[in-house]
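Number of protein chains: 2
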Amino acid sequence: MFIEIETNSVVPIYLQLAQAIIEGVAKGELKPGDSMPSVRAFAADLGMNMHTVNKAYHYLEEKEFIQIVQKKGVFIHENGVRNASSSDRERLQKDLRPIVAEALCLQLSKEDLEQLVRDIILDIKEER
Amino acid sequence: MFIEIETNSVVPIYLQLAQAIIEGVAKGELKPGDSMPSVRAFAADLGMNMHTVNKAYHYLEEKEFIQIVQKKGVFIHENGVRNASSSDRERLQKDLRPIVAEALCLQLSKEDLEQLVRDIILDIKEER
DNA sequence: AGTCTGTTCTATTATTAATAGAACAATGGA
DNA sequence: TCCATTGTTCTATTAATAATAGAACAGACT
């Protein structure tokens, strides 16, 4: 699993890490039940601090994408790939809204937006 | 123009303000050339600090949605409603990617995503 | 002349992000 | 049983960001 972190990005590295893991799940590279590296091993591997990885893990746990089992390890949540709950949908909608608004200003039609989404999906899934 | 600010949100209020203005442009409530309130008047109106409004304005200026004219005022950019440039598209794609990845984990099909986007577009445009 | 404009400056407060190191209790393999 | 590994918790420091505050400036407009 390739994880690229942009140190100069405005998006914090713990979030970049979390998003990379979500992409891993999205493309099926990480499957429910798979175990994730320990916070220490992952941190060493990525050249970041243990606490930063821990923060990413807890962020993902809150979103129910991973499961943290005390003293045992971290696993992709059995329910990580699931049918979106209503709170899932609300969250998606909230995150999506400002981007859609911007797209409208940029004269993107529904079709343009759909094309953009399609491109992203391909881009996420092709890297296998 | 209704602007609602959630003081307890994780998204900073200067950003919420900027996004609200973008929505205003998206729904055609704000048109290129329209003048925006002065930083002081807007701040007083919204119950926030002058510098916070100023920050939102500069954020929007960087995205080329408004134009700040020294000593005269702030206006919706003449090019605010435009055909997306390549840098516009890159930005959209970058912002969209983590959301699409999450949607894929949540088993949303292309069609589901398209429906979601359609709902948001309606929601943005109906409030007139 | 006087108000309004965005700008600039210094300042303070609170929060977040990231790092660091140490210690704890429980797990699990050798 | 021993011992390394697990996530957790604690204190700490540093840097950056967000939000507020107040004052002053120079130019625009009336």
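Chains A and B supply the protein sequences, listed in that same order.
Mind the numbering: the first sequence is residues 1489 to 1616 in the working numbering, read in order.
Mind the numbering: the second sequence is residues 1489 to 1616 in the working numbering, read in order.
Cβ coordinates follow ideal geometry from the N, Cα and C atoms, glycine included.
{"Item": "Delimiting residues of the alpha helix (DSSP H) encompassing A:Q1581", "Value": "1574 to 1593"}
{"Item": "Anticipated Cβ contact below 8 Å, A:V1527 with A:V1541, distance rounded", "Value": "5 Å"}
{"Item": "Pair within 8 Å by beta-carbon distance, A:I1564 and A:D1607", "Value": "no"}
{"Item": "Residue range of the beta strand (DSSP E) that includes B:V1557", "Value": "1554 to 1557"}
{"Item": "Close Cβ partners of B:L1592 (< 6 Å) along its chain, the five nearest in sequence each way excluded", "Value": "none"}
{"Item": "Pairwise C-alpha distance: B:Q1555 and B:L1548", "Value": "8 Å"}
{"Item": "B:G1512: first and last residue of the uninterrupted beta strand (DSSP E) it sits in", "Value": "Counting along the chain, B:G1512 falls outside any beta strand (DSSP E), though it belongs to the alpha helix (DSSP H) covering 1501 to 1514."}
{"Item": "Sequence-distant residues of its chain with Cβ nearer than 8 Å to B:N1567 (five each side left out)", "Value": "P1520, E1552"}
{"Item": "Whole-angstrom distance between A:Q1581 and B:L1580, CA atom to CA atom", "Value": "16 Å"}
{"Item": "Within chain B, partners of A:K1598 - CB distance below 8 Å", "Value": "E1602, V1605, R1606, I1609"}
{"Item": "C-alpha distance - A:V1588 paired with B:I1609, whole-angstrom precision", "Value": "7 Å"}
{"Item": "Neighbourhood of A:M1524 by C-beta, 6 Å cutoff - its chain only, sequence neighbours within 5 removed", "Value": "V1562"}
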